[in-house]
Amino acid sequence: MIKVKVLIIDDEEDFCMIMKSYFERKGMEVFLAFNLSDGLNSIKEKIPDILFLDNNLPDGEGWDKTMDILKENPSLKINLISAYKEKTNEYDTFSNVSVWEKPISIRKLEAAFAQ
1 MIKVKVLIID
11 DEEDFCMIMK
21 SYFERKGMEV
31 FLAFNLSDGL
41 NSIKEKIPDI
51 LFLDNNLPDG
61 EGWDKTMDIL
71 KENPSLKINL
81 ISAYKEKTNE
91 YDTFSNVSVW
101 EKPISIRKLE
111 AAFAQ
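Residue numbers (our numbering): 1 to 115.
What follows is the structure, given as structure tokens:
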């Protein structure tokens, strides 16, 4: 059985560990990156099915890379996350891009990833 792969790019390690635990309980394979550079490399190496991409990272703004990521990975489900960025309509035309505001509740995760 092939597991769904989730990549979380976020510099908040506690948030990453909570998300990792949640998705592993759902039987998914989870990878973490704590900066943009490592995260972009992980996308190429791990080829995830689902990406959680924080905006404010130590080495850049993750959301600025969204269009490049989509070009290289058109079927990747991208979840843009941030506690500091206003909600944007920029990605409304993409069915595989969602914008999430932190903190993310378990209820919202369940609604989006119920199996």
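Every residue, glycine too, gets a C-beta built ideally from N, C-alpha and C.
If we ignore side chains and look at the alpha-carbon of each, how far apart do residue i and residue j end up?
i: L57; j: I9; result: 9 Å
i: D92; j: I78; result: 12 Å
i: S116; j: E101; result: Residue 116 cannot be examined here, being either before or after the span of the chain that is shown, 1 to 115.
i: S105; j: L70; result: 26 Å
i: M67; j: N73; result: 10 Å
i: L40; j: M19; result: 19 Å
i: E12; j: E24; result: 18 Å
i: M1; j: P48; result: 16 Å
i: D14; j: N96; result: 26 Å
i: F34; j: M17; result: 11 Å
i: Y84; j: W63; result: 12 Å
Under the DSSP definition of a beta bridge, which residues are partnered with residue i?
i: E90; result: For E90, which the question treats as bridged, DSSP gives no partner whatsoever.
i: N79; result: F52 and S98
i: V6; result: V30 and I50
i: G62; result: Paired residues: none, contrary to the question.
Going by beta-carbon coordinates alone, are residue i and residue j separated by less than 8 Å?
i: L36; j: G60; result: yes
i: L32; j: I43; result: no
i: L80; j: L53; result: yes
i: I29; j: K3; result: For clarity, residue 29 is Glu in the given sequence; the question names Ile instead. Yes. Within cutoff.
i: N55; j: S82; result: yes
i: F113; j: K26; result: yes
For the alpha helix (DSSP H) that residue i lies in, which residues bound it at each end?
i: D68; result: T66 to E72
How far does the beta strand (DSSP E) with residue i in it extend, from its first residue to its last?
i: I104; result: Careful: I104 lies outside any beta strand (DSSP E) and carries neither H nor E.
Subject >> Secondary structure, alpha helix (DSSP H): runs of 4+ residues fully inside the region 10-48 >> reply: If one requires a minimum length of 4 residues, the alpha helix (DSSP H) runs lying completely within the region 10-48 are 13-25 and 36-46, in chain order.
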